[in-house]
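Protein chains in written order, with this note's numbering: chain V, 40 to 185; chain Z, 40 to 185.
All C-beta atoms in this analysis are idealised placements derived from N, C-alpha and C, irrespective of residue type, glycine included.
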DNA sequence: ATACTTGTAACCATAACAATTACATTGTCT
DNA sequence: AGACAATGTAATTGTTATGGTTACAAGTAT
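Printed below as a string of structure tokens:
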């Protein structure tokens with residue numbers, strides 16, 4: 040299984056809002072860049088808004104970032120779009136047999152390990168900000184321009 | 040989304056094979072500890088066998104570990120049961136708009152970052168061996184005994 | 001031969017996902 | 001006020017992974 044593309048789309052949206060900040064970022068416009076339906080964008084935007092990453096208002100066209108670019112890490116986006124619940128990256132079979140030494144302990148033994156592994160991944164995401172993403176994209180564009 | 044419990048079940052199975060190594064570990068027996076169907080166990084066992092972690096033979100009851108406990112990391116189990124493909128922990132929306140600076144670069148920008156995050160998680164799993172799991176369970180059992 | 005076990009394949013119910021449609025709500029503009 | 005446009009949200013759909021279940025062929029031992 041794999042983590043929902045809502046995460047990648049969230050990054051895409053926020054990046055585009057920044058790069059197109061002089062324009063009007065309607066859900067329709069953003070959707071055309073992501074290549075999906077505008078309702079999908081609005082749904083994700085709602086999550087980003089709840090997380091305080093973005094300002095959008097009903098009836099008013101366009102979205103703006105609510106924070107500075109360098110203040111938003113990928114981990115913030117990841118949490119915002121709710122792709123993985125806390126301590127639930129790995130699922131554990133439930134109701135193992137309590138009459139077996141392994142069955143009655145496996146969950147408690149394995150959970151903290153899974154938790155460490157999940158945290159390691161999340162830590163890596165928190166080391167990257169949207170500013171890094173935007174810079175990288177601008178770099179790539181510049182390279183092509185030559 | 041969350042990573043299939045095949046992983047946790049794989050750990051459970053291997054641990055139990057070790058702890059019950061004086062007994063006969065049939066799929067039926069293992070299934071009763073995991074609390075699932077024996078066919079599910081056999082399917083997972085097939086994966087563990089393909090990965091060279093376990094010895095099982097058609098018609099012959101019982102499974103044995105194919106390696107030393109301390110030589111099997113959780114990452115080995117994780118790879119064996121195929122819960123996450125390489126570089127595919129995170130999914131990325133496909134066909135973003137190539138006419139948009141963000142659309143045409145987002146994949147190349149984001150992929151290496153996702154890859155680093157996934158590796159960090161996998162690294163954490165490779166730091167733990169089945170010997171650690173078995174020890175922890177035996178510790179927990181001993182504590183209860185007092 | 002009989003009994004037991006592993007190895008597979010087929011099938012099913014469930015859940016998450018992304019896309020889509022539809023519509024109420026909110027705001028802007030004339 | 002009324003028309004228009006955008007957001008917010010709910011309902012529906014096709015697709016896919018999962019975990020469980022049944023069934024049975026193939027291998028092994030007594």
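- Within the model, the alpha-carbon separation for residue 59 of chain Z versus residue 56 of chain V is close to 58 Å.
- If you check each beta-carbon in the region 41 to 66 of chain V against every beta-carbon of chain Z, the ones closer than 7 Å belong to 41, 42, 43, 44, 46, 47, 48, 50, 51, 54, 55 and 58.
- If you check the CB distance, residue 93 of chain V and residue 50 of chain V do not come in under 9 Å.
- Taking 8 Å as the cut-off between beta carbons, the residues of the region 68 to 85 of chain Z near chain V are 71, 72, 73, 74 and 75, in sequence order.
- Contact check between the region 129 to 145 of chain Z and the region 72 to 81 of chain V: three or more CB pairs, one atom from each, fall below 8 Å, which counts as touching.
- Measuring C-alpha to C-alpha distances from residue 113 of chain V to each of V/177, V/54 and V/181 identifies V/54 as the nearest.
- A contact between stretches requires three or more CB pairs, one per stretch, nearer than 8 Å, and the region 82 to 97 of chain V fails this requirement with the region 148 to 162 of chain V.
- For residue 104 of chain Z, the enclosing beta strand (DSSP E) stretches over residues 99 to 104.
- For residue 141 of chain V, no beta strand (DSSP E) segment is defined, and its DSSP state is neither H nor E.
- Note on residue 133 of chain V: under 16 other CB atoms within 10 angstroms of its CB, so exposed under the neighbour-count rule.
- When DSSP states are grouped into helix, strand and coil, residue 54 of chain V belongs to the helix group.
- For the pair residue 42 of chain Z and residue 128 of chain V, the CB atoms are nearer than the 9 Å cut-off.
- When only Cα atoms are considered, residue 64 of chain Z and residue 46 of chain V end up about 42 Å apart.
- Put simply, the CB of residue 148 of chain Z is near chain V, with a gap under 9 Å to one of its CB atoms.
- At a cut-off of 9 Å between beta carbons, residue 109 of chain Z makes no contact with chain V.
- Our two residues, residue 61 of chain Z and residue 126 of chain Z, have alpha carbons roughly 40 Å apart in a direct line.
- Under the Cβ criterion of 9 Å, residue 179 of chain V is counted among the residues facing chain Z.
- Look at the beta carbons and you see the region 141 to 152 of chain V not touching the region 165 to 182 of chain V: under three pairs across the two are nearer than 8 Å.
- Straight-line measurement puts the Cα of residue 145 of chain Z at about 48 Å from the Cα of residue 179 of chain Z.
- Cβ neighbours of residue 108 of chain Z within its own chain (closer than 8 Å, five residues either side excluded): 57, 168, 169, 170 and 173.
- Residue 102 of chain V counts as buried, since no fewer than 16 other beta carbons sit within 10 angstroms of its beta carbon.
- Straight across, the Cα-Cα distance linking residue 177 of chain Z with residue 119 of chain Z is about 25 Å.
- Note that the C-beta distance between residue 48 of chain Z and residue 40 of chain V is not below 9 Å.
- Against chain Z, the beta carbon of residue 155 of chain V has neighbours under 7 Å at 163, listed in chain order.
- Annotation: Cβ neighbours of residue 141 of chain V in chain Z (cutoff 7 Å, chain order): 51, 54, 55, 58, 72 and 176.
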